[in-house]
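Read the structure below first, then the notes.
Residue numbers (my numbering): 1 to 327.
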């Protein structure tokens, strides 16, 4: 760290500690200038230099769940090994098959469980069939533990467990709204400013040194993250169209929600329309020729489209009777 507490360098290994290396080769860390390192982490307060794992709040709970399931599995294995306990009169308890006592070479009794084995012991004489107990409330306990872990990690239960048995459109959409807000915070507050933008600036600087373009960073550079998948494309698209038509959402923002740059999207649409006009095709998805109801646009609209497509001059309109009288 520098005098002001800012990082000026990082000690890093040249290769990953888990990578293959020649036997006997010792790996030593090297000092890398801070300007050559992109330290990506989620800043939660001013002056924060590092962060902890996002799973830190739920690691203990997940470990307890793992221990509980391991104990439950061991319990089930032991219960599967016991079949019956035969109590008979005798001087010592026999353990093993019904034919006799099993001992090792040193004469010690074998103390191991096997599936379906029968245990013998002294007593008044009876047969007790072992009745294994069920898992009890394991499913409810595991679900509650995973729900708590999901909340602590900022995720939804279905994303952590993959369980969609009790989910519907409304619950999925409500959960995804919060998750997408978290994703946008990570994308625009961490990944873009701390990773994507520095890489773009370094790329532009290297190109400027090679004389490929000017030294000044061009204006209007935007970084568009990948789009989120729609839960119900029909409902979501209908709602988005209504928001754009009402002016609540700018069209560039609506296009960016699908992972496209608005300028590139406009150019792609222009090229696609030119190819369709050249081929003489009219698709239902072309609002220039087909109305929202599925019917063809009116004659004036179609004529305007043809003029724009062919570059022909607009035909002269015949004056109306009122215009002739005024003239």
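In this text, a Cβ means the ideal position worked out from N, Cα and C, and glycines have one as well. All values derive from a computational prediction rather than experimental measurement.
Residue i in three-state terms, based on DSSP
| i | result |
| --- | --- |
| residue 58 | helix |
| residue 12 | strand |
| residue 296 | strand |
| residue 290 | strand |
| residue 166 | coil |
| residue 230 | coil |
| residue 19 | coil |
| residue 141 | helix |
| residue 204 | helix |
| residue 53 | coil |
| residue 77 | helix |
| residue 196 | helix |
| residue 235 | helix |
| residue 2 | coil |
| residue 43 | coil |
| residue 26 | coil |
| residue 64 | helix |
| residue 216 | coil |
| residue 189 | helix |
| residue 48 | coil |
| residue 284 | coil |
| residue 7 | coil |
| residue 210 | coil |
| residue 313 | Note that residue 313 has pLDDT 49, beneath the 50 cutoff, so the model's placement of it is unreliable and the number below is only indicative. Here residue 313 sits in coil by DSSP. |
| residue 38 | coil |
| residue 171 | helix |
| residue 244 | helix |
| residue 151 | helix |
Enclosing alpha helix (DSSP H) for residue i [first to last residue]
| i | result |
| --- | --- |
| residue 31 | No alpha helix (DSSP H) contains residue 31, which is instead part of the beta strand (DSSP E) from 30-33. |
| residue 255 | 251-256 |
| residue 157 | 157-161 |
| residue 264 | 262-279 |
Candidates the options, of which the one nearest residue i by Cα
| i | options | result |
| --- | --- | --- |
| residue 154 | 29, 281, 177 and 137 | 177 |
| residue 189 | 223, 265 and 289 | 223 |
| residue 9 | 232, 240, 205 and 34 | 34 |
| residue 163 | 182, 140, 50 and 64 | 140 |
| residue 231 | 172, 295 and 46 | 172 |
| residue 201 | 211, 183 and 221 | 221 |
| residue 47 | 239, 233 and 5 | 5 |
| residue 143 | 246, 284, 203 and 61 | 61 |
| residue 181 | 16, 156, 205 and 165 | 156 |
| residue 54 | 72, 269 and 152 | 152 |
| residue 16 | 65, 30 and 68 | 30 |
| residue 65 | 147, 24 and 79 | 147 |
| residue 273 | 68, 263 and 286 | 286 |
| residue 292 | 238, 19, 281 and 20 | 238 |
| residue 252 | 263, 51 and 278 | 263 |
| residue 2 | 28, 77 and 49 | 49 |
| residue 284 | 179, 278 and 296 | 296 |
heavy atom of the ligand MN below 7 Å from residue i C-beta
| i | result |
| --- | --- |
| residue 145 | Within the structure as shown, the ligand MN is missing, as the structure has no ligands at all. |
Rounded distance between the beta-carbons of residue j and residue i, thought under 8 Å
| i | j | result |
| --- | --- | --- |
| residue 167 | residue 158 | 6 Å |
| residue 288 | residue 186 | The Cβ separation is near 39 Å, so there is no contact. |
| residue 58 | residue 149 | 4 Å |
| residue 254 | residue 244 | 5 Å |
| residue 138 | residue 72 | 6 Å |
Original post:
Contact between the segment 182-201 and the segment 32-39: three or more CB pairs below 8 Å?
Top reply: yes
**OP:** Could you say if the segment 256-271 and the segment 220-240 meet the contact criterion of at least three C-beta pairs nearer than 8 Å?
**Re:** yes
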